[in-house]
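Remarks on the structure that follows.
2 protein chains.
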Amino acid sequence: MSTARERILAATEELLASKDALAISTRAICDRAKVGMPEIYRQFGDKQGLLTAVACIGFERFLANKRRNPMTDDPVADLRTAWDSHVAFALDNPHLYRLMFTPAPESQPRAVGEARALLLSALERCRAAGRLRTPLELAGQSILTANVGVCLMALSFPELYGAPEISRSVRDAVIGAVTGDEREDTRITDGIVLAQALVGTLTGTAPAGGDAIARLSQALQGSGPRGDE
Amino acid sequence: MSTARERILAATEELLASKDALAISTRAICDRAKVGMPEIYRQFGDKQGLLTAVACIGFERFLANKRRNPMTDDPVADLRTAWDSHVAFALDNPHLYRLMFTPAPESQPRAVGEARALLLSALERCRAAGRLRTPLELAGQSILTANVGVCLMALSFPELYGAPEISRSVRDAVIGAVTGDEREDTRITDGIVLAQALVGTLTGTAPAGGDAIARLSQALQGSGPRGDE
DNA sequence: TCGAAGGCGTTAGCAACGCTTTCTTAGCTG
DNA sequence: CAGCTAAGAAAGCGTTGCTAACGCCTTCGA
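In order, the protein sequence lines correspond to chains P and A.
Heads up, the first sequence is in the working numbering, so the first residue is 1 and it goes up one at a time.
Heads up, the second sequence is in the working numbering, so the first residue is 230 and it goes up one at a time.
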């Protein structure tokens, strides 16, 4: 048999799979872990302490998950993949996720900080690839906030949450705005690229193909600044 | 003296100004409302029933707030204003907001539905103005989810929440993506405008000022499609 | 004017909760 | 073997949400 502490943690995690943290009684935990009531308080001082420890373990699983995300040669696509795996984790472990991201007074700035660090390093890769048009810090906060926000919302209103569509929509909006990658509307940035090349040609300050005008004209076709559908 | 029901509701709202709903005991409510314990259960059946009633009142204030938002002739700007007033309400009434948007089993799809309806009508105005490039339904869900999500996140991690910057960032990203309005980077759309005029000039198919090239060159200055800041 | 009805206050108490105290036992270490 | 710490057993504390039983007093129709 394992140690008492491990049994308590395991029992709590198991109960957390079906009930909210607040609906779990310390007695139920003790029954399932086959320990006496005082054991919880000897080990964790507090019910909140126990929940914090469980949240910590959850964060470790969460971060391990995130670290497993492959690094492709498209850092922006990696951002989107990370977003999706985050959402999947939340939907798979609703009560645990709520426990992790809805602290009572204050609990784990450490683990959240680590998640932030992971995100920032992913963003740094975007920056290195010249695909970030927002201050790194703000970009990270925006993505993290939106990501957690979408998850909490999905857990609170599952019937209002329309499957992954809405997560994808917010994801592409935020990541797109931060990186400058327009997902569904790359024509705009293409337009800029071509316009820059064109100006370079016309002013004689940059090398550009002679067909710049034709390509620009074609690229701009139908892409107004405020498209009227 | 007012009726018992009103006093109970008022007392709960007052306590909710300083404590979380779960930290409020029914006895404290009764003390403050000068009623006996059974009164709560005669009136609301349940503590949850009382909290639901309070949440209802909160939604009414919330919706009244939203309805007070002026309708300017720029429906997209109105969307942004509504977003900001939503966030302000959440920050002003943290515990009430949490109560409203973190239901236990399920509570007010009615009030949330009304908020959604308000949002959809605002989006309909955008659509009428030709400033919506996303299905109405999905646009509404995306904005509402992101908005509530940012608020819940801000309440859970106030120290991590960097003032209104991040709300603005997510707001402009989501609303921008949904409407096609680029907020902070209007240079891009300006670039498109000028580029179109330029192409018109060069191909002789549109009237444009002779300084088009100069203006385009200036407008594009420093605005790369993948700016390396 | 009377009497039924219902809104409201009072007292007392239940079961469940988080948490504590006390005592005892088991197992390892020096 | 002595001494330490980890951990199981039992009992109980105070608070919580909630209920039962009773009685007052206003309202209102007959």
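All residues carry an ideal CB built from backbone N, CA and C; glycine is no exception.
These numbers were taken from a predicted model, which means no experiment stands behind them.
By alpha-carbon positions, which one of P:Glu6, P:Arg5, P:Ser2 and P:Leu50 ends up nearest to P:Ser25? Looking up residue 25 of chain P in the first sequence gives position 25. If we check each option's Cα against that of P:Ser25, P:Leu50 comes out closest.
Taking only three categories from DSSP, how would you classify P:Ser25? As a working mapping, residue 25 of chain P is identified with position 25 in the first sequence. Under the three-state reduction of DSSP, P:Ser25 is assigned to coil, being neither helix nor strand.
DSSP three-state assignment for P:Tyr41, whether helix, strand or coil: Reading the first sequence from its first residue, position 41 is the one you call residue 41 of chain P. P:Tyr41 falls in the helix class under three-state DSSP.
How many angstroms separate the CA atom of A:Leu292 from the CA atom of A:Asn322? By one-based count along the second sequence, residue 292 of chain A stands at place 63. By one-based count along the second sequence, residue 322 of chain A stands at place 93. Whole-angstrom Cα-Cα distance: 14 Å.
Under 8 Å Cβ to Cβ from A:Leu459, same chain only, skipping five residues before and after it: list those, please. Any property of residue 459 of chain A remains undetermined from this structure, which presents chain A solely from 230 to 458.
Neighbouring residues, chain A, relative to P:Leu138 (Cβ below 8 Å): By 1-based counting over the first sequence, the position of residue 138 of chain P is 138. At a C-beta separation below 8 Å, P:Leu138 has these neighbours in chain A: Gly391, Glu394, Ile395 and Ser398.
Whose CA, out of P:Leu79, P:Arg5 and P:Arg133, lies closest to the CA of P:Leu118? Locating residue 118 of chain P in the first sequence gives position 118, counting from the first residue. Considering only alpha carbons, the answer is P:Leu79.
Helix or strand or just coil, what does DSSP make of A:Lys295? Translated into the one-based positions of the second sequence, residue 295 of chain A becomes position 66. Residue state, collapsed to three classes: helix.
List the whole-angstrom C-beta distance separating P:Arg116 from P:Leu144, where the pair is believed to meet the contact cut-off of C-beta under 8 Å. Your numbering for residue 116 of chain P matches position 116 in the first sequence. Your numbering for residue 144 of chain P matches position 144 in the first sequence. That pair is a contact at about 6 Å.
Chain-ordered chain A contacts of P:Pro103 [CB-CB under 7 Å]: Translated into the one-based positions of the first sequence, residue 103 of chain P becomes position 103. By Cβ distance, chain A contributes Ser385.
Could you please give the first and the last residue of the uninterrupted alpha helix (DSSP H) stretch that includes A:Ala233? Your numbering for residue 233 of chain A matches position 4 in the second sequence. Unbroken alpha helix (DSSP H) run through A:Ala233: Ala233 to Leu245.
What would DSSP say about P:Tyr161, mapped onto helix, strand or coil? Numbered from its first residue, the first sequence carries residue 161 of chain P at position 161. In this structure, P:Tyr161 counts as coil in the three-state DSSP scheme.
Leaving out five residues on either side along the sequence, give the residues of the same chain with a beta carbon under 6 Å from the beta carbon of P:Arg5. For the purposes of this step, residue 5 of chain P is taken as the residue at position 5 of the first sequence. Answer for P:Arg5: Gln43, listed in chain order.
CB contact below 7 Å: A:Gly287 versus chain P: Within the second sequence, numbered from 1, the residue matching residue 287 of chain A stands at position 58. With 7 Å as the cut-off, A:Gly287 does not count as an interface residue toward chain P.
Confirm, please, whether the CB-CB distance from A:Leu365 to A:Leu352 is below 7 Å. For the purposes of this step, residue 352 of chain A is taken as residue 123 along the second sequence, with counting starting at 1. For the purposes of this step, residue 365 of chain A is taken as residue 136 along the second sequence, with counting starting at 1. Here A:Leu352 is near A:Leu365, since their CB atoms are less than 7 Å apart.
Could you pull out every residue in the same chain whose Cβ sits closer than 7 Å to the Cβ of A:Ser314, ignoring the five residues on either side in sequence? Translated into the one-based positions of the second sequence, residue 314 of chain A becomes position 85. So the qualifying residues of the chain are Asn294, Lys295 and Asn298.
Select from P:Thr3, P:Ile8, P:Ser156 and P:Ser167 the residue whose C-alpha is nearest the C-alpha of P:Ala88. For the purposes of this step, residue 88 of chain P is taken as residue 88 along the first sequence, with counting starting at 1. Of the listed residues, the one whose Cα sits closest to P:Ala88 is P:Ser167.
A:Met300 by DSSP, collapsed to three states: which one? As a working mapping, residue 300 of chain A is identified with position 71 in the second sequence. In this structure, A:Met300 counts as coil in the three-state DSSP scheme.
How would you list, in chain order, the residues of chain P whose beta-carbon sits under 7 Å from the beta-carbon of A:Gly278? Stepping through the second sequence from its first residue, residue 278 of chain A is reached at position 49. Under the 7 Å cutoff, chain P gives no residues; its nearest Cβ is about 18 Å from A:Gly278.
Secondary structure at A:Asn376, three-state DSSP: helix, strand or coil? For this step, residue 376 of chain A is matched to residue 147 along the second sequence. Here A:Asn376 carries a helix assignment [DSSP, helix/strand/coil].
Taking its Cβ as the centre, do 16 or more other Cβ atoms sit within 10 Å of A:Pro387, making it buried, or is it exposed? For the purposes of this step, residue 387 of chain A is identified with residue 158 of the second sequence, where counting begins at 1. A:Pro387 should be labelled exposed.
Quick check on DSSP: helix, strand or coil for A:Arg360? Indexing the second sequence from 1 puts residue 360 of chain A at position 131. Coil.
Alpha helix (DSSP H) segment containing A:Pro323, residue limits: As a first step, residue 323 of chain A is located in the second sequence; it is residue number 94 there, counting from the start. Pro323 to Phe330 is the extent of the alpha helix (DSSP H) around A:Pro323.
Pick helix, strand or coil for P:Glu60, following the three-state DSSP scheme. By 1-based counting over the first sequence, the position of residue 60 of chain P is 60. In the three-state DSSP reduction, P:Glu60 falls in the helix class (H, G or I).
Quick one: which chain A residues come within Cβ less than 9 Å of P:Ala173? Within the first sequence, residue 173 of chain P is the residue found at index 173, counting from 1. Result: Ser371, Ala375, Val399, Ala402, Val403, Ile404, Gly405, Ala406 and Val407.
When you compare the CB of A:Ala437 with every CB in chain P, is at least one pair closer than 7 Å? Reading the second sequence from its first residue, position 208 is the one you call residue 437 of chain A. Residue placement at A:Ala437 cannot be trusted, given a pLDDT of 43 that sits under 50; the coordinates are not used to answer.
Looking at A:Gly378: is its Cβ nearer than 7 Å to the Cβ of P:Gly149? Within the second sequence, the letter at position 149 stands for residue 378 of chain A. Within the first sequence, the letter at position 149 stands for residue 149 of chain P. P:Gly149 sits close to A:Gly378, with the two beta carbons spaced by under 7 Å.
Between P:Met153 and chain A, is there a C-beta pair that is closer than 7 Å? Here residue 153 of chain P is taken as the residue at index 153 of the first sequence, counted from 1. Yes, because at least one Cβ of chain A sits closer than 7 Å to the Cβ of P:Met153.
A:Glu353 by DSSP, collapsed to three states: which one? Looking up residue 353 of chain A in the second sequence gives position 124. The three-state reading of DSSP puts A:Glu353 in helix, counting H, G and I together.
What three-state label does DSSP hand P:Asp78 in the structure shown? By one-based count along the first sequence, residue 78 of chain P stands at place 78. The DSSP-derived three-state label of P:Asp78 is helix.
Among P:Gly140, P:Ser18, P:Asp31 and P:His95, nearest to P:Ala82 - alpha-carbon criterion: The residue labelled residue 82 of chain P in the question sits at position 82 within the first sequence. Put simply, of P:Gly140, P:Ser18, P:Asp31 and P:His95 the residue whose alpha carbon is nearest the alpha carbon of P:Ala82 is P:Gly140.
Of the residues A:Leu320, A:Val305 and A:Leu325, which one's Cα is nearest the Cα of A:Val407? The residue given as residue 407 of chain A occupies position 178 in the second sequence. When each option's Cα is compared against that of A:Val407, the closest is A:Val305.
At the level of alpha carbons, what is the spacing between P:Ile8 and P:Asp46? In the first sequence, counting from the first residue as 1, residue 8 of chain P sits at position 8. In the first sequence, counting from the first residue as 1, residue 46 of chain P sits at position 46. Those two C-alpha atoms are separated by around 13 Å.
C-beta contact flag for P:Ser142 and A:Ser398 at 7 Å: Locating residue 142 of chain P in the first sequence gives position 142, where the first residue counts as 1. Locating residue 398 of chain A in the second sequence gives position 169, where the first residue counts as 1. Yes; because the gap between Cβ atoms is below 7 Å, this pair is in contact.
Apply the 10 Å Cβ neighbour rule to A:Gly342 and answer buried if 16 or more other Cβ atoms are within range, or exposed otherwise. Residue mapping note: residue 342 of chain A aligns to position 113 of the second sequence, counting from 1. A:Gly342 comes out exposed.
Determine, using beta carbons only, whether A:Val379 comes closer than 7 Å to chain P. Locating residue 379 of chain A in the second sequence gives position 150, counting from the first residue. At least one chain P Cβ lies under 7 Å of A:Val379.
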